[in-house]
Each structure stands twice: as C-alpha cells, then as structure tokens.
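**Q** Have a look at this one.
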Amino acid sequence: MLQAQKRGLEKYQGIVDAEAEAQAVRHRAATEAEAVRGKALAEAEAIRNNAAAAAEGVRSDAATEASELRKRGEATVAGATVEAGRIIEAANKRAQDVAGEALAAVRNARQLEQTATAMRNIIEGYGDRYVIPTQGLLDELAEHFGFTEAGARLKSAREQMREMIRRGKAATCDYVETNRRTTAIEFVLDAFNGKVDSILADVRHDNFGTLEQKVKDAFSVVNNNGQAFRDARITPEYLATRLAELKWAVVANELKLKEREEQRLIKERIREEEKAQREFERAQREAEKEEEVLRKAMDKARREFEKAGDAQKARYEEQLTQLALKLQEAEEKNKRAISMAQQTKTGHVYVISNVGSFGENVFKVGLTRRLEPLDRIRELGDASVPFEFDVHALIHSEDAPSLERELHKRFVREQVNKVNPRKEFFRVALQNIRQVVDGMGLQAQWTMTAEAREFRETQAVERAMKSQSFEEGAWIQQQLKEQEAARVEEARKEAVA
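Letter by letter, the sequence shown follows residues 1 to 497 in full-length UniProt numbering.
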C-alpha cells in the first residue's frame with residue numbers, strides 16, 4: 001500500500017521541477033537581456049566618442065576645410081547614432097523574445113502548480129489531518145479510562161504525538177528548498193504513521209513486546225527508504241512518543257479486561273444473593289412442613305399415651321418429650337426464616353449510571369428490597385429513557401434505608417436536581433462515591449467504568465450513517481423487524497399474566 005502511495009506521489013516530482021525550471025528561465029532571461037542592453041550601450045558610446053574625436057581632429061588640422069569636414073564629421077556622428085540605435089533596438093527585441101519565453105514558462109508553471117494543488121487536496125483532504133492520525137480506537141480508549149493513570153497517560157501521548165507533527169518535530173530531512181523538504185517529510189511521516197496505526201489496531205493486553213518490536217522495525221524501514229529523499233527520517237523523539245502510546249494502550253486494554261471481570265463478579269454476587277434469598281424462603285417452607293409433621297406426630301403420641309397402660313406411658317412420655325424438642329427447633333428455624341424474608345430494612349443500595357441518557361459522572365443512588373434487585377434496575381431503564389442503566393455497585397445492607405439516606409446526605413451538594421432531592425441523581429466522580437462507601441467499612445464489588453453498550457453501539461451506527469457505504473434500507477428493515485418481535489413478546493407476557 002505504501003509503495004502504491006509512493007508511486008502515486010512520484011508523478012508530482014515533475015511538477016515541482018517545472019516550477020523550479022520556470023524560475024531558472026526567468027532568471028536567465030533577465031540576466032541575458034541586461035547583458036545585451038549593457039553591451040549595446042557601451043558600443044554606442046564608444047562609436048560616439050570615436051566619431052567626435054575624428055571630427056575634432058579634422059577641424060583642427062584643416063581650418064580651411066572646416067565647413068566640409070564639419071559636415072563630414074556630422075555625417076559620421078549621424079551614422080554612428082543610427083548604428084547605435086539599431087544595436088539597441090536589436091538588443092531590446094532579443095530581450096523581449098527571452099522574456100516572452102520566461103513568461104510562457106511562468107504561465108505553464110502556474111497551471112502545473114494549480115494542478116498540483118488540486119491533486120494534493122484530493123489526497124490530503126484536510127491539511128494537517130492527512131499526516132496526523134485521525135481520531136480512532138485509542139482516543140476512545142483514552143477517554144473511556146480517563147479516570148485512571150493509564151487513560152491519562154494514553155491521552156497525553158496522543159496529544160503529544162499530534163503536537164510534535166504540528167510543530168515539525170516528528171520528522172526531518174536534508175532538503176533546503178521548502179517545497180521538497182515539506183513533501184519528503186510528509187511522505188515519510190505518512191508512511192510511518194500508517195504502519196504504526198495498523199500495528200496499534202491490534203493492541204491487546206498481552207502483546208506489548210511483539211507490537212513494540214513491530215513499531216521499531218517500521219521506524220527502521222521508513223528511515224532507510226527515506227534516504228532517497230535527502231535522508232528524510234522520523235525523529236527518535238517521535239518514535240518514543242508512539243512507543244509510549246503503545247505502552248499505555250496495552251495497560252488500558254488490561255484495565256478493560258479487568259473491568260469485564262468486575263462486571264462478571266458483580267453479576268455473580270447478585271446471583272448468589274438471590275440464591276440465598278431463595279434458600280431463606282425454602283427453609284421457611286421446610287420448617288413449616290416439619291412443624292406440621294411434628295404436631296401430627298405429637299397428637300398421635302398423646303392419643304396413644306391416653307390409651308396406654310402404666311408400663312407403656314413412660315415410653316410415650318419420652319417420645320412426646322423428644323417430639324416437643326424437635327417442634328421447638330422447627331418453630332425457631334421457621335421464625336428465623338420468616339424474619340430474614342420479611343425484614344423491611346434488609347435490601348440493596350445500588351449505584352447506577354446511564355451515560356447515553358444523562359452523560360458522564362451522573363449516578364443514581366437508590367435502594368431496592370426485591371429478591372432480585374436487577375429487576376428494579378431494569379424497570380428504571382424502561383421506555384422513559386433511551387438506554388439501559390449500567391450497574392457500578394450493589395451494596396447489601398440490613399438497614400438499606402439508613403445507608404441510602406447517609407449517602408444522599410454526603411452528596412447533597414452534588415444533586416443534579418437541587419429542587420427535588422427525591423430524584424436521587426448526583427453529578428459526582430464515581431471514585432468519590434466509592435471512597436465514602438469504603439470509609440463506612442462496607443463491602444462492595446465495584447465496576448468503575450460503565451459499559452454503556454447500547455449507547456456506544458448507537459454512536460457507531462450514527463458514524464456509519466454518514467458514510468456512503470451505509471445500507472440504510474437494510475438497517476431500517478432490521479429495526480422494524482425487532483420492533484415487531486418486541487410487540488409479540490409483550491403481548492405474550494400480558495396473555496400469561
């Protein structure tokens with residue numbers, strides 16, 4: 001691909017040479033014309049001087065022939081003047097011919113320059129953005145993890161890379177002439193950035209060593225090829241900047257992997273808590289069943305005791321005592337199960353966000369007492385908001401209302417709605433919420449970055465819509481199909497209910 005680009009740019013070399021040739025023709029024409037004029041004037045002056053000297057000699061040597069000699073001298077001067085005029089006129093004509101050639105060359109150069117400018121516009125598009133890598137995956141990654149050191153470092157490396165290009169510190173060469181120097185630098189810079197961007201597109205959390213060597217190899221190859229353009233080359237400082245970009249991109253990808261693991265752990269913990277709640281309910285049902293069996297057994301034992309003789313009553317008394325103890329244990333077990341299932345303060349305080357609906361750093365802090373807390377969160381992401389909520393933390397508490405009130409109190413100044421605090425939305429860094437919760441000695445699994453899957457996919461679709469290759473008709477048909485499927489599913493649920 002780079003060779004094709006190189007061959008495409010080679011045809012503009014002639015354009016640059018034509019411009020230089022035109023300048024050379026103009027310079028030679030001016031020099032030659034000036035020389036011709038100077039020589040003609042010198043010859044004319046010499047002829048005048050010689051003629052005047054001859055006339056003066058004739059007058060002094062032959063006074064008697066003064067009138068005739070005077071006429072002869074004047075004729076000589078007149079002839080010299082005519083000759084001088086002829087020489088000057090010829091010189092001027094030659095100068096005009098040379099200048100005409102230079103003018104034609106200038107016009108031709110201007111036409112070629114306009115053509116070159118048009119072709120450059122087709123290739124470069126938007127000036128510096130042709131040689132500066134455009135906004136891409138790494139910039140999104142840097143923004144996505146901007147709250148971490150890795151995200152900040154990655155963002156800084158990307159900005160430094162662009163700044164070095166703008167300041168002309170990314171590449172250099174030994175050309176003195178401005179146009180050739182600029183062309184050579186842009187050529188090697190575009191070649192190097194193209195290779196590096198292709199390499200960085202493959203960034204993962206576990207391939208830093210391989211990609212680092214690929215970037216260094218690209219540096220060596222491009223600089224070697226740049227020797228044909230008066231040693232056009234990428235600077236070591238620019239290489240270091242792109243290697244730093246690679247390093248922090250790998251670290252950010254590692255954070256992304258950990259984030260997915262955190263999400264998995266949170267969901268797993270939710271499932272475990274839901275499972276525990278179901279076990280409480282099952283324990284309650286089993287305790288109630290056990291109580292019923294024991295009561296029936298005790299009733300039977302009492303009837304047998306009343307019918308039994310004195311010798312058998314002792315055995316039935318022992319049996320009744322054992323049954324009574326078992327019944328007491330079953331009742332206590334049932335009470336504990338009922339208590340755990342019916343405690344009105346036990347629940348979960350959740351921290352959720354909706355980047356697509358409310359933007360970054362806006363979080364809802366609320367509580368739910370449901371056996372399945374995610375059901376409540378899914379309800380919050382219904383038709384009233386365009387995107388679903390992301391869960392950052394679920395905090396189990398035996399006194400969830402008090403915990404919720406305390407968190408609301410801590411962040412009262414950060415309320416989004418400063419008139420109605422019941423809205424429970426706060427504009428605050430997630431790290432601040434976590435610090436407060438940790439400071440209260442509470443245990444919670446945190447996901448520090450929202451997945452915002454539907455929102456980010458929507459952004460990707462919107463970007464695709466701006467391209468000519470976007471198949472809008474197929475996309476619309478798919479949306480209509482999914483809407484119909486959703487209506488059918490909703491009708492089915494209503495019928496079951």
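Where is the CB? At the ideal position from N, CA and C, for every residue including glycine.
Remember, it's a predicted structure, so these values are computed and weren't measured experimentally.
1. Alpha carbon to alpha carbon, how far is A324 from M298?
2. Quick check on the burial criterion: 16 or more other C-beta atoms within 10 angstroms. Buried or exposed for L200?
3. Looking at C-alpha atoms only, which residue of R180, F425, E212 and E329 is the closest neighbour of L380?
4. Is it true that the CB of Q263 sits closer than 9 angstroms to the CB of L458?
5. R295 to N334, Cα distance in whole Å?
6. Closest to A152 by CA distance: which of R369, A252 and I234 is it?
7. In the DSSP output, what is H396 paired with across the bridge?
8. Return the first residue and the last residue of the beta strand (DSSP E) that G366 is part of.
9. Quick one: Cα of E372 to Cα of I270, how far?
10. Based on DSSP bridge pairs, tell me the residues matched to D390.
11. Do you know offhand how far L112's Cα is from R463's?
12. Judging by CA-CA distance, which residue of D399, L403 and V250 is the nearest neighbour of R204?
13. If I'm right that F192 touches A218 with Cβ under 8 angstroms, what's the distance once you round it to whole angstroms?
14. Under the rule that 16 or more other beta-carbon atoms within 10 Å means buried, what is D390, buried or exposed?
15. Strictly by DSSP, which residues pair up with I234?
16. Taking the C-alpha atoms as reference points, what is the distance between I132 and E149?
17. Examine the Cβ distances between the segment 160–175 and the segment 240–250 and report whether three or more of them are shorter than 8 angstroms.
18. DSSP has Q415 in a bridge; who is on the other side?
19. Does DSSP put L442 in a helix, in a strand, or in coil?
20. Starting from F208, trace the alpha helix (DSSP H) in both directions and tell me its first and last residue.
21. If you count every other CB in all the chains shown that lies within 10 Å of the CB of Q328, and 16 or more means buried, which is it?
22. Quick one: residues in its chain with C-beta nearer than 7 angstroms to the C-beta of A330, no 5 flanking neighbours on either side, listed in chain order?
23. Taking a contact to mean a Cβ-Cβ separation below 9 angstroms, would you say G347 touches P401 in this structure?
24. Taking the beta carbon of I165 as the centre, do at least 16 other beta carbons fall within 10 Å, making it buried, or is it exposed?
25. Under 7 angstroms Cβ to Cβ from A301, same chain only, skipping five residues before and after it: list those, please.
26. CA-CA distance, W475 and D190?
27. Would A491 and A444 qualify as a contact pair, given that the criterion is a beta-carbon distance under 9 angstroms?
28. In angstroms, rounded to a whole number, what distance separates the CA positions of A495 and E489?
29. For V419 versus F363, is the C-beta spacing smaller than 9 angstroms?
30. Can V196 and V176 be called in contact, C-beta distance under 9 angstroms?
31. Assuming Q459 is part of the alpha helix (DSSP H), what are its boundary residues?
32. Rounded to a whole number of angstroms, what is the C-alpha to C-alpha distance between F387 and V188?
33. In three-state DSSP terms, what is F470?
34. Quick one: residues in its chain with C-beta nearer than 6 angstroms to the C-beta of Q479, no 5 flanking neighbours on either side, listed in chain order?
35. Helix, strand or coil for A150 per DSSP?
**A** Per the coordinate set shown:
1. Position 324 of the sequence shown, counted from the start, is the residue given in the question as residue 324. Position 298 of the sequence shown, counted from the start, is the residue given in the question as residue 298. Straight-line Cα distance between these residues: approximately 8 angstroms.
2. By one-based count along the sequence shown, residue 200 stands at place 200. By the 10 Å Cβ count, L200 comes out buried.
3. Locating residue 380 in the sequence shown gives position 380, where the first residue counts as 1. The closest CA to that of L380, considering only R180, F425, E212 and E329, is found on F425.
4. Working through the sequence shown from its first residue, we reach residue 458 at position 458. Working through the sequence shown from its first residue, we reach residue 263 at position 263. Checking the sequence, you will find Thr at residue 458 rather than Leu. No; because the gap between Cβ atoms is not below 9 angstroms, this pair is not in contact.
5. Here the question's residue 295 lines up with position 295 in the sequence shown. Here the question's residue 334 lines up with position 334 in the sequence shown. Rounded to the nearest angstrom, the two C-alpha atoms are 14 angstroms apart.
6. By 1-based counting over the sequence shown, the position of residue 152 is 152. That would be A252, whose Cα lies nearest to the Cα of A152.
7. Here the question's residue 396 lines up with position 396 in the sequence shown. In DSSP, H396 forms a bridge with H348.
8. By 1-based counting over the sequence shown, the position of residue 366 is 366. V362 to T368 is the extent of the beta strand (DSSP E) around G366.
9. As a working mapping, residue 372 is identified with position 372 in the sequence shown. As a working mapping, residue 270 is identified with position 270 in the sequence shown. In this structure, the straight-line span from the alpha carbon of E372 to that of I270 is close to 8 angstroms.
10. To locate residue 390, count along the sequence shown from 1; it is residue 390. Partner residues in the beta bridge of D390, as assigned by DSSP, are S353.
11. For this step, residue 112 is matched to residue 112 along the sequence shown. For this step, residue 463 is matched to residue 463 along the sequence shown. With a pLDDT of only 49 at L112, under 50, the local geometry of the prediction cannot be trusted, and no value is derived from it.
12. For the purposes of this step, residue 204 is taken as the residue at position 204 of the sequence shown. The residue with the shortest Cα to Cα distance from R204 is V250.
13. The residue given as residue 192 occupies position 192 in the sequence shown. The residue given as residue 218 occupies position 218 in the sequence shown. About 6 angstroms separates the CB atoms of F192 and A218; that is less than 8 angstroms, so the two are in contact.
14. In the sequence shown, counting from the first residue as 1, residue 390 sits at position 390. That one is buried.
15. Reading the sequence shown from its first residue, position 234 is the one you call residue 234. For I234, DSSP records a beta bridge to A171.
16. Here residue 132 is taken as the residue at index 132 of the sequence shown, counted from 1. Here residue 149 is taken as the residue at index 149 of the sequence shown, counted from 1. Model confidence at I132 stands at a pLDDT of 38, short of 50, so the residue's coordinates are unreliable and nothing is read from them.
17. Touching, yes.
18. Along the sequence shown, one-based indexing puts residue 415 at 415. F426, per the DSSP bridge assignment.
19. Taking the sequence shown and counting its residues from 1, one reaches residue 442 at position 442. When secondary structure is reduced to three states using DSSP, L442 falls in the coil class, being assigned neither helix nor strand.
20. Here residue 208 refers to the residue found at position 208 when the sequence shown is read from its first residue. Counted as a single uninterrupted DSSP element, the alpha helix (DSSP H) harbouring F208 occupies residues F208 to N225.
21. One-based indexing of the sequence shown puts residue 328 at position 328. With fewer than 16 neighbouring CB atoms inside 10 Å of its own CB, Q328 falls in the exposed class.
22. Numbered from 1 along the sequence shown, position 330 holds the residue referred to as residue 330. Only A287, E290, E291 and L294 meet the Cβ criterion.
23. Locating residue 347 in the sequence shown gives position 347, counting from the first residue. Locating residue 401 in the sequence shown gives position 401, counting from the first residue. With contacts defined as CB atoms closer than 9 angstroms, G347 and P401 qualify as a contacting pair.
24. In the sequence shown, residue 165 corresponds to position 165, counting from 1. With 16 or more other Cβ atoms within 10 Å, it is buried.
25. The residue given as residue 301 occupies position 301 in the sequence shown. Excluding positions up to five away in sequence, the list reads Y316, Q319, L320 and L323.
26. Walking along the sequence shown from the start, residue 475 turns up at place 475. Walking along the sequence shown from the start, residue 190 turns up at place 190. Looking at the two C-alpha atoms, the distance is approximately 35 angstroms.
27. Locating residue 491 in the sequence shown gives position 491, counting from the first residue. Locating residue 444 in the sequence shown gives position 444, counting from the first residue. No, the Cβ-Cβ distance between A491 and A444 is not below 9 angstroms.
28. Here residue 495 is taken as the residue at index 495 of the sequence shown, counted from 1. Here residue 489 is taken as the residue at index 489 of the sequence shown, counted from 1. Distance between the alpha carbons of A495 and E489 is about 10 angstroms.
29. In the sequence shown, counting from the first residue as 1, residue 419 sits at position 419. In the sequence shown, counting from the first residue as 1, residue 363 sits at position 363. Cβ atoms of V419 and F363: not closer than 9 angstroms.
30. The residue you call residue 196 lines up with position 196 of the sequence shown. The residue you call residue 176 lines up with position 176 of the sequence shown. Taking a C-beta distance under 9 angstroms as the contact criterion, V196 and V176 do not qualify as a contact pair.
31. Here residue 459 corresponds to residue number 459 of the sequence shown, with the count starting at 1. First-last of the alpha helix (DSSP H) with Q459: R453 to M465.
32. The residue you call residue 387 lines up with position 387 of the sequence shown. The residue you call residue 188 lines up with position 188 of the sequence shown. If you take the alpha carbons of F387 and V188, they lie about 45 angstroms apart.
33. Taking the sequence shown and counting its residues from 1, one reaches residue 470 at position 470. Of the three classes helix, strand and coil, the one that applies to F470 here is coil, per DSSP.
34. Position 479 of the sequence shown, counting from 1, holds the residue named residue 479. Same-chain partners within the cutoff: there are none.
35. As a working mapping, residue 150 is identified with position 150 in the sequence shown. Note: A150 maps to helix in three-state DSSP.
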